[in-house]
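With this note's numbering, the residue at position 397 of the sequence shown is 397, and numbering never jumps.
Glycine included, each C-beta is placed from N, C-alpha and C at the ideal position.
For reference, the structure is listed below as structure tokens.
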Amino acid sequence: MLDRISRFFKRDKASHRSTGRRVFGDGEHSLSPEMINRDAFKVIDVLQKAGFEAYIVGGCVRDLLIGLKPKDFDVATSAKPWEVKELFRRSRIIGRRFQIVHVQFGREIIEVTTFRSNSSQTSGKNHRQQTDSGMLTRDNVFGSVEEDASRRDLTVNALYYDPSDNSIHDFTNGLDDIDDQIIRIIGDPETRFREDPVRLLRVARFAAKLGFNIDSDTANPMKHRAADLQQVSPPRLFDETLKLFMSGQGLDTFKLLVEHNLFDYIVPQLAPMLNDQQGIPMKLVSQALINTDKRIETSQRVTPAFIYAALLWPAVQRLARNYEKNGNSPPYALSKAAGEIIVNQIPVTAIPKRFTIPMREIWDLQLHLRRRGGTRAQRLVEHPRFRAAYDFVLLREQAGEDLGGLGEWWTAYQQADHENRQTMADEVMASDRGPKKRRRRRSGGKPAADPAR
Ligand code: ATP
Ligand code: MG
Numbered sequence: 001m002l003d004r005i006s007r008f009f010k011r012d013k014a015s016h017r018s019t020g021r022r023v024f025g026d027g028e029h030s031l032s033p034e035m036i037n038r039d040a041f042k043v044i045d046v047l048q049k050a051g052f053e054a055y056i057v058g059g060c061v062r063d064l065l066i067g068l069k070p071k072d073f074d075v076a077t078s079a080k081p082w083e084v085k086e087l088f089r090r091s092r093i094i095g096r097r098f099q100i101v102h103v104q105f106g107r108e109i110i111e112v113t114t115f116r117s118n119s120s121q122t123s124g125k126n127h128r129q130q131t132d133s134g135m136l137t138r139d140n141v142f143g144s145v146e147e148d149a150s151r152r153d154l155t156v157n158a159l160y161y162d163p164s165d166n167s168i169h170d171f172t173n174g175l176d177d178i179d180d181q182i183i184r185i186i187g188d189p190e191t192r193f194r195e196d197p198v199r200l201l202r203v204a205r206f207a208a209k210l211g212f213n214i215d216s217d218t219a220n221p222m223k224h225r226a227a228d229l230q231q232v233s234p235p236r237l238f239d240e241t242l243k244l245f246m247s248g249q250g251l252d253t254f255k256l257l258v259e260h261n262l263f264d265y266i267v268p269q270l271a272p273m274l275n276d277q278q279g280i281p282m283k284l285v286s287q288a289l290i291n292t293d294k295r296i297e298t299s300q301r302v303t304p305a306f307i308y309a310a311l312l313w314p315a316v317q318r319l320a321r322n323y324e325k326n327g328n329s330p331p332y333a334l335s336k337a338a339g340e341i342i343v344n345q346i347p348v349t350a351i352p353k354r355f356t357i358p359m360r361e362i363w364d365l366q367l368h369l370r371r372r373g374g375t376r377a378q379r380l381v382e383h384p385r386f387r388a389a390y391d392f393v394l395l396r397e398q399a400g401e402d403l404g405g406l407g408e409w410w411t412a413y414q415q416a417d418h419e420n421r422q423t424m425a426d427e428v429m430a431s432d433r434g435p436k437k438r439r440r441r442r443s444g445g446k447p448a449a450d451p452a453r
């Protein structure tokens, strides 16, 4: 990656970090206007012709420079939201905390953001609000492009590309950092993390996504600012966790979250169980993320329900065991534990019902998949959540849980024809009956321990 950037990046690097605007023109970087999405190009053109400054900014400039495919093309401009709206017939202003304009082209939307300032001055109703701890709750003070660059999160995310003359405008030495593969917060890290604790997660996410190192001045305050994540609203934190775990670099991101104590504030019920590096919880979560990364790489579907089912399973299982010890039946113990663990997680990351319902089904099926004699197996295979529950059995076994060969049995069952399925189910029925009677005789009536629990 480094070679590729350096080859194109011809200008000598500044020997020290410079301040102010540096402009890199044609031949000094690897971008060209054809790389830019047509609609984003049109938006820039219309804004510039109307006399405003306009640039492509953020993740897409970064990704194009590195040779990755950008997710979307964002535009930053000196035009105010209502001025943008006036220029484009199919556009609307959205957001309150942070107003932006969505310009629609067919099914595609180009996000247009007005330059904002990080200044604490207030002006009219477009002001900036902070809590006592310094967290920003409203951020609508408009500013210059320089000010806009300085309020962004990372230097590599603050490059402005003008396709009209193929120039990159760099106010924070972001190009040097891309070249050196460094993730660096813009400004004073401590203050910037306090303003918006989600930036802690963004540092980890982009370091993992790009394979860059976190600069030490950025990394140092992360651990002791981690607790600020408790101030982030649960719905926003839920959305951010999806970006963390479903970006294709879930495992690397997870490792950085654990390293910087951030994970404690994402799934607090699991975090203490990860202290044992060789323990099953650590293996289960790592393996779930390895599997998710693989699925994303091969364009297979991934669902937050499965990931959260894995993240919370060790805690559910532990609590369920406690309830069983207190004399509750396994299904009741599991259901009660599942309910409680979810209730505890919602105030941290607000998992929507459309995911908690399938999570509970995946967990419930962990018990049902064991009881597979007679006609049960066939009915289970037809259960809408069977595939996820079966994958979950395999995951548990990969993590080192002993389920008595349950995954292998279900793999064989699915591959078998009708007749063989019948035989397999009958065999399970027979062995369920046989050993139980014998065990009961030996252990004085008490049922044998269930390896799948
Ligand atoms: P991705 O590829 O994930 O979309 P991105 O860099 O485009 O990466 P977005 O979340 O789409 O990330 O944000 C767009 C830009 O807005 C970022 O590049 C960054 O400049 C700025 N930004 C986003 N979130 C923050 C934040 N919490 N604090 C400061 N700036 C931010
Ligand atoms: Mg983006």
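query, result
"According to DSSP, is alanine 54 helix, strand or coil?", "strand"
"Taking Cβ to Cβ, would you say glycine 250 is nearer than 8 Å to aspartate 196?", "no"
"Could you tell me whether any non-hydrogen atom of ligand 2 is closer than 7 Å to the CB of lysine 71?", "yes"
"Measuring CA to CA, which of Gln104, Ala207, Phe73 and Asp74 is closest to leucine 154?", "Ala207"
"Would the segment 212 to 223 and the segment 237 to 247 be scored as touching if the rule is three or more Cβ pairs under 8 Å?", "no"
"Taking 8 Å as the limit between beta carbons, can you name the residues of its chain near arginine 17, skipping five residues before and five after?", "Asn173 and Asp176"
"Please name the residue, chosen from Thr375, Ile290 and His383, that lies closest to serine 247 on a Cα-to-Cα basis.", "Ile290"
"Given aspartate 165, which residues of its chain have a CB within under 8 Å of its CB, disregarding the five upstream and five downstream residues?", "Gly25 and Asp26"
"Might you give, ordered along the chain, the residues of its own chain that have their beta carbon closer than 7 Å to the beta carbon of aspartate 252, omitting 5 neighbours on each side?", "Ala208"
"Is asparagine 157 near ligand 1, judged by its Cβ being under 7 Å from some heavy atom?", "yes"
"Taking the C-alpha atoms as reference points, what is the distance between glycine 20 and histidine 224?", "31 Å"
"Return the residue from the list Leu201, Ser431, Val198 and Asn118 that minimises the CA-CA distance to glycine 187.", "Asn118"
"Pull up the CB-CB distance for isoleucine 61 and leucine 87, whole angstroms please, since I reckon it's below 8 Å.", "Correcting the residue type first, residue 61 is valine in the shown sequence and not isoleucine. Not quite, the Cβ-Cβ distance comes to about 23 Å (not below 8 Å), so this is no contact."
"Along the chain, where does the beta strand (DSSP E) that runs through glutamate 108 open and close?", "108 to 114"
"Would a C-beta distance cut-off of 8 Å place phenylalanine 115 and threonine 77 closer than the cut-off?", "yes"
"Kindly indicate which residue of Pro347, Ala305, Asn326 and Ser167 has the alpha-carbon position closest to the one of leucine 229.", "Pro347"
"Here's the rule: buried if 16 or more other CB atoms are within 10 angstroms of the residue's CB, otherwise exposed. What is histidine 418?", "exposed"
"Rounded to a whole number of angstroms, what is the C-alpha to C-alpha distance between threonine 191 and alanine 315?", "35 Å"
"Taking the continuous alpha helix (DSSP H) assigned at histidine 368, which residues delimit it?", "353 to 368"
"Just verifying my parser: in three-state terms, what is the DSSP assignment at valine 43?", "helix"
"Bridge partners for leucine 154 per DSSP, in chain order?", "Ile185"
"Under the three-state reduction of DSSP, which class applies to serine 6: helix, strand or coil?", "Since pLDDT at serine 6 reaches only 40, below the 50 mark, its modelled position is unreliable, and the value read off the structure follows with that caveat. Three-state result, serine 6: helix."
"If distances are taken between C-alpha atoms only, which option among Pro33, Arg396 and Val57 comes closest to alanine 158?", "Val57"
"Out of Gly373, Arg151 and Pro384, which one is the CA nearest neighbour of methionine 359?", "Pro384"
"Got a sec? Which residues, its chain only, sit under 8 Å from isoleucine 362 by beta carbon, not counting five neighbours each side?", "Ala305, Phe306, Ala309, Arg385, Ala388, Ala389 and Phe392"
"Taking the alpha-carbon positions, what's the lysine 336 to alanine 320 distance?", "7 Å"
"How would you write the range of the beta strand (DSSP E) that aspartate 162 sits in, first residue to last?", "159 to 162"
"Let's see if you can read the secondary structure: which residues bound the alpha helix (DSSP H) around alanine 208?", "198 to 210"
"Going by the C-beta, is aspartate 177 closer than 7 Å to any heavy atom of ligand 1?", "no"
"Are the beta-carbon atoms belonging to valine 112 and valine 156 less than 8 Å from one another?", "no"
"Pull the bridge partners of isoleucine 100 from the DSSP assignment, please.", "Ile94"
"Let me make sure I understand the geometry here. Which of Ile93, Ile183, Trp410 and Lys325 has the alpha-carbon closest to that of glutamine 467?", "The structure shown does not extend to residue 467, since the chain is modelled only from 1 to 453, so the question has no answer here."
"For aspartate 402, which of Leu284, Gly59, Phe73 and Arg354 has the nearest alpha-carbon?", "Leu284"
"For aspartate 153, verify whether its CB is less than 7 Å away from any heavy atom of ligand 2.", "no"
"Evaluate threonine 375 with the Cβ neighbour count: other Cβ atoms within 10 Å of its Cβ, from every protein chain shown; 16 or more gives buried, anything less gives exposed.", "exposed"
"Taking 7 Å as the cut-off, is the CB of valine 469 close to at least one heavy atom of ligand 1?", "Since the first residue shown for the chain is 1 and the last is 453, residue 469 is missing from the structure and cannot be characterised."
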